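Number 482 in UniProt numbering belongs to position 219 of the sequence shown; there are no gaps in the numbering. Virtual Cβ for every residue (Gly too), placed ideally from N, Cα, C. Keep in mind it's a predicted model, so treat the numbers as computed, not measured. A short worksheet on the structure shown next.
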Amino acid sequence: EKDGHDSFMLKEIAEQPKAVADTLLGRLDPALGTLTLGPELGLDPAVLRDAEKVVVIACGTAHHAGLVARLAVERWAKLPCEVELASEFRYRDPIVGPRTLVVAVSQSGETADTLMAVRHAREQGATVLAVCNTNGSTIPRESDAVLYTHAGPEVAVASTKAFLTQLVACLLLALHLGEVRGGPGDELRAAARALGRAPEDVASVLATMEPVRELARGLAHQETVLFLGRHAGYPVALEGALKLKELAYFHAEGFAAGELKHGPIALVEPGLPVIVVVPSPVASGVLHGKIVSNIQEIRARGAHTIVLAEEGDEAVVPYADHLIRVPAVPPLLQPLVAAVPLQVFACELATARGNDVDQPRNLAKSVTVE
Ligand code: M6R
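Structure follows, in structure tokens:
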């Protein structure tokens, strides 16, 4: 069943181009850059048009997809968007009501924290849309509408292909909201066309992973790895760190790069591996230069810099002890390509340490208790 792979995780990493393509299928016309999502959602368009805000609730990796959703919803649909850990949401007094669109993201559809948050939101009169990978599971059944991710069954405890398809579903939803609410037409069409190319982009990243594997094996003796990112790169940094914690039982932390001098830079000491997710030099405006300065700052303190940057970004080269290249894509799509090397990195490093990547210690695939 592992199709010749050593683990389900490796198989699921390899399946990502297809999972992404399947999740796009029938929902987006890549040539025209238009969406065909409306009828499938089955929500009254007025709910989307009149929504006052979007609240994304999710746990773990799904929460990281939600952080990307926020950027896309705010940018394309011009709607305020909050992202909340499902386990926190219901224990405060969240301001949700009939004009709130709650998006519950869950691979399994059975996560207790997310389910309880869904119930809580519906009690307040919110419309709940589930983004889910498991047909007929509890969260979609208890939601007003569902957008299924078509990743296929995910067996490995660490989420990989489900994450990429959650990103796709969240981006599709944000584009749809942008269309319904009269968002920036040219940008929406360009992003939709680029999203249509995502399966090939992910495949091209997968084809260049041997140096990343080698790097991971070389770092298997380490005890800490830090991840830095900004904007859409920040959730990627969090996800890279979570993968490493789950699989390698490492101390791994993701930070927003702008926070570096507010504390985390004190952790940097000679030889510490720091993985930096760099935004596009062209599309991200001033952010690129700021991250390059961060890389210089940590390198001056002896960090071993592992820089994940877009093809053609030459400005990072002098400061990178290791360079990982990803294809150039619009900024909000970067997590789709940037997350993949970090999955491969964590999987390889954990394997080199002799860990079982499909069944990491202490973890369950589906967390059905609080
Ligand atoms: O099934 P769900 O998407 O609701 O699960 C949420 C988290 O438990 C899950 O993403 C977890 O963090 C993964 N093991 C991450 O790899």
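Distance, residue j Cα to residue i Cα
i	j	result
residue 417	residue 391	24 Å
residue 310	residue 345	18 Å
residue 296	residue 455	5 Å
residue 528	residue 387	42 Å
residue 491	residue 425	23 Å
residue 582	residue 565	11 Å
residue 487	residue 337	34 Å
residue 597	residue 589	9 Å
residue 630	residue 485	29 Å
residue 403	residue 475	37 Å
residue 464	residue 438	19 Å
residue 298	residue 526	43 Å
residue 600	residue 356	36 Å
residue 575	residue 567	22 Å
residue 427	residue 562	31 Å
residue 300	residue 367	18 Å
residue 586	residue 539	10 Å
residue 545	residue 578	12 Å
residue 466	residue 280	6 Å
residue 603	residue 284	15 Å
residue 461	residue 405	31 Å
residue 458	residue 412	15 Å
residue 278	residue 532	38 Å
residue 282	residue 378	25 Å
Beta bridge counterpart(s) of residue i as assigned by DSSP
i	result
residue 364	317 and 390
residue 539	491 and 570
residue 518	491
residue 297	292
residue 346	319
residue 369	395
Enclosing alpha helix (DSSP H) for residue i [first to last residue]
i	result
residue 562	550-563
residue 585	Per DSSP, residue 585 belongs to no alpha helix (DSSP H); it is in the beta strand (DSSP E), 585-589.
residue 634	Since the displayed the chain opens at 264 and closes at 633, residue 634 lies outside it and no answer follows.
residue 306	Where residue 306 is concerned, there is no enclosing alpha helix (DSSP H), given that its DSSP letter is neither H nor E.
residue 331	323-335
residue 349	349-352
residue 403	401-404
Delimiting residues of the beta strand (DSSP E) encompassing residue i
i	result
residue 602	Element bounds for residue 602: not the beta strand (DSSP E) but the alpha helix (DSSP H), 597-615.
residue 282	Careful: residue 282 lies outside any beta strand (DSSP E), inside the alpha helix (DSSP H) at 279-287.
residue 473	Residue 473 -> not in any beta strand (DSSP E); alpha helix (DSSP H) instead, spanning 473-481.
residue 410	408-411
Worksheet item: Counting only runs that start and end within the segment 427-467, where is the alpha helix (DSSP H) found for 4 or more residues in a row?
Response: 448-459
Worksheet entry | Segment contact, 8 Å Cβ cut-off, at least three pairs: the segment 337-354 with the segment 501-521 | no
Discussion item. Would the segment 519-527 count as touching the segment 618-625 if we require 3 or more Cβ pairs under 8 Å?
Written reply: no
Item to complete: Kindly confirm or deny that the segment 537-557 and the segment 443-458 touch, where touching means at least three C-beta pairs closer than 8 Å.
Response: no
Discussion item. Could you check whether the segment 355-368 touches the segment 312-324, counting it as contact only if at least three pairs of C-beta atoms, one from each stretch, sit closer than 8 Å?
Written reply: yes
Worksheet item: Would you call the segment 597-615 and the segment 473-484 touching, i.e. three or more CB-CB distances under 8 Å?
Response: yes
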